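Just so we're aligned: 484 in the numbering used here is position 395 of the sequence shown, and the numbers increase by one with no gaps anywhere. See below for the structure under consideration.
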Amino acid sequence: MTNDAAYEELISRLKRVHVLGTVNSLLGWDEQVNLPPDSADLRAEQLALLAELQHAAASDPRVGELLTLLEGRPGEPAADQKVVLKYGRRDYDRVVKLPPDFVSEKARHSSKAFHAWAECRGRADFAGFAPFIQRHIELAKQEAGYLGYAAAPYDYMIDRNDPGMTAEAVGALFAELKKELVPLMREIVGSRVKARPGVFHGFPVEQQRTFLHAVTERIGFNYRRGRIDVSLHPFCDGSGADLRMTTHFDEHNPLNSLFSAIHETGHGLYEQGIPIERQGTPLGQPVGMAVHESQSRLWENQVARSRAFWRFFEPRFRETFSAQLGAVSSDELYLAVNAVRPTLIRVDADEVTYNLHIILRFEIEKQLFAGTLAVADLPAAWNALAQELLGLTPPNDREGVLQDVHWSGGMFGYFPSYCLGNMMAAQFWYKAQGDLPGLDDDFAKGDFSRLLGWLRRNIHEQGRRYDTRELVRAVTGEALSPKHLLRYLRERYLPLYRG
Ligand code: ZN
């Protein structure tokens, strides 16, 4: 067999796994957007079957044979082939070490736990949900054990989401961030300048939908290869060839759905920026969750909370909602866009306090995996940390430990990615501004194409050529550091709040 033929076969097999994954995504999207209430059992069976098929395709011994054959060829492989072999091997080894029974059990448990979470959250009933978390931790440890991480299961969960990262590295970055972020947050929160609460009332959902569609399309989302719908918890799934985003609407908080849609659009732009012909291979896959999050955060925060962005969109926003915005001044609108106020709910948090929500969850997960915190004691630990970091204690578990969907899917080690993504977004942002003078003028004209082009070239089109920290260094010439995020937060918020 020639080198070329073996490589072609490997690529086509990797793409097959990817296509099965997109079917899985679609069923998962439908589950959260459309599923009738009593159809959950069948969906659990469908997802379990899909997981089994995907696992079988990914763990097919032929994939292993092809990898071994190509790895054993004399001479240095071409650069692209090297990336495919490196990550093809990593993914294959991870998948063959997981028994099919384990994979389908985990999928089945995740589906049931999601529905249990939705019900228990509604009743603020942590005790009802506790056994599902407990089982998820057992499954996560079992999985880490299969992959040689029995002694450090939380490192496994982190590396799985962000290749190359460890709990220790994350802990060091978070400690450095927390030291300066807590005083900065106190200074902003203690300011006499405050966003006026309750300035927005009665924004019809249909008009919100139209406006956010126009905004997300203008910044570059391709609606011929994607759509946006409504779900309890906004998310973005699928591939660049068919991207599914969701948001949720509140008539009295139009900025919530708008910014959550811009956030998901940032994820979507990353996927849509990957050349279609490479999708499903390591040359056309995102690096990991933190890099993904850096893309959503950069559009949501650095771009969409800037004065330049609103210079273009404010007149359009006022035109769409003239009745609702008559008494709201430009300064009030801009302050509402950049309101800072500690809240109990992570998804409602501003970009200053958001990182403290993540540090809270990281501390809890670390202790859960170390066995120093029992699941039954989770609400008490959560409430104590919320008081310490945010100065707030949840009145019930719906506004505390039950608020996030992630643990219902066994997604541990995922929360840190949000904060790492914030750090990267700020680091990329300063680099892009250096490379592309006059970005603010572009934004004020409603032109986001130079920034999107820069992100495509430097990040989206790179696929998995670099791991998490290598990519930051390759793009910015520096190691990942929280100092850019701290600089950005100071530059954006201090002038506004020092009044
Ligand atoms: Zn996100």
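Quick reminder that beta carbons are idealized off the backbone N, C-alpha and C, glycines included. If you're wondering where the values come from, they're calculated on a predicted model, not measured in any experiment.
In terms of DSSP beta bridges, what is residue i paired with?
i, result
"VAL319", "THR336"
"ASP326", "ARG333"
From the DSSP output, in three-state form, read off residue i for me.
i, result
"ASP331", "strand"
"GLY373", "strand"
"GLN368", "strand"
"ASN485", "coil"
"GLN492", "coil"
"ARG162", "coil"
"ILE363", "coil"
"ARG314", "helix"
"THR91", "coil"
"THR255", "coil"
"LYS534", "coil"
"PHE215", "helix"
"LEU524", "Leu is not the amino acid found at residue 524; the sequence shown has Asp there. Here ASP524 sits in helix by DSSP."
"VAL184", "helix"
"THR461", "coil"
"SER199", "helix"
"HIS302", "helix"
"LEU127", "The amino acid occupying residue 127 in the given sequence is Asp; Leu does not appear at that position. In this structure, ASP127 counts as helix in the three-state DSSP scheme."
"PHE501", "coil"
"PHE221", "helix"
"ASP169", "helix"
"ARG579", "helix"
"LYS230", "helix"
"PHE292", "coil"
"HIS341", "coil"
"ALA239", "coil"
"TYR507", "helix"
Verify the contact flag: residue i, CB atom, against every heavy atom of the ligand ZN, threshold strictly below 7 Å.
i, result
"SER385", "yes"
"HIS352", "yes"
"HIS356", "yes"
"GLU382", "yes"
Within its chain, find whatever has a CB closer than 8 Å to the CB of residue i; leave out the 5 residues flanking it on each side and keep chain order.
i, result
"GLN456", "LEU462 and ALA470"
"HIS381", "HIS356, TYR359, PRO375, SER506 and GLY510"
"GLU452", "LEU474"
"LEU174", "LEU156, LEU159, GLU160 and PRO166"
"GLY46", "What is shown of the chain runs 90 to 588, which leaves residue 46 out entirely."
"ILE226", "LEU457, PHE458, VAL464 and PHE501"
"LYS104", "GLN368, GLY369 and THR370"
"ARG539", "LEU525, LEU528 and ASP531"
Once you ignore the five residues that flank residue i on each side, which residues in its own chain have a CB closer than 6 Å to its CB?
i, result
"ARG394", "VAL426 and ASN427"
"ASP318", "VAL122 and THR335"
"ASP529", "ALA397"
"ARG435", "HIS446"
"ASN311", "GLN361"
"ARG178", "LEU156"
"SER411", "none"
"LYS195", "LEU228"
"LEU414", "ARG407"
Apart from the five residues just before and just after residue i, which ones in its own chain have a Cβ nearer than 7 Å to its Cβ?
i, result
"ALA379", "ASP251, SER506, LEU509, GLY510, MET513 and THR557"
"TYR503", "ASN250, MET378 and HIS495"
"SER594", "There is simply no residue 594 to check, as the chain begins at 90 and stops at 588 in what is shown."
"GLN170", "TYR96"
"GLY110", "GLN143"
"VAL288", "VAL417, GLU421 and ALA425"
"ARG562", "ALA568"
Can you find a C-beta in chain D that's less than 8 Å from the C-beta of residue i?
i, result
"THR305", "As a matter of chain content, chain D is missing from the structure shown, which is built from one protein chain."
Could you tell me whether the stretch 347-365 touches the stretch 472-492, where touching means 3 or more Cβ pairs closer than 8 Å? No, they do not touch.
Any chance the stretch 247-261 sits against the stretch 548-557, with 3 or more Cβ pairs inside 8 Å? Yes, the stretch 247-261 is in contact with the stretch 548-557.
Evaluate the contact criterion for the stretch 218-225 versus the stretch 489-503: three or more CB pairs, one atom per stretch, below 8 Å. Verdict: yes, contact present.
Are the stretch 104-124 and the stretch 133-141 touching by the rule of at least three beta carbon pairs closer than 8 Å? Judged by pairs of C-beta atoms under 8 Å, the stretch 104-124 touches the stretch 133-141, as three or more such pairs exist.
Decide if the stretch 118-131 is in contact with the stretch 143-151; the criterion is three or more beta carbon pairs, one per stretch, under 8 Å apart. Touching, no.
Within 8 Å, do at least three Cβ pairs link the stretch 266-285 to the stretch 580-587? Enough Cβ pairs lie closer than 8 Å, so yes.
Would you call the stretch 342-351 and the stretch 513-528 touching, i.e. three or more CB-CB distances under 8 Å? Not touching, per the Cβ criterion.
Is the stretch 568-579 touching the stretch 266-279, taking contact as three or more C-beta pairs under 8 Å? By the Cβ test, the stretch 568-579 is in contact with the stretch 266-279, since at least three Cβ pairs between them sit closer than 8 Å.
Pairs of beta-carbons, one from the stretch 223-242 and one from the stretch 401-409, closer than 8 Å: are there three or more? With contact defined as three or more Cβ pairs closer than 8 Å, the stretch 223-242 and the stretch 401-409 are not in contact.
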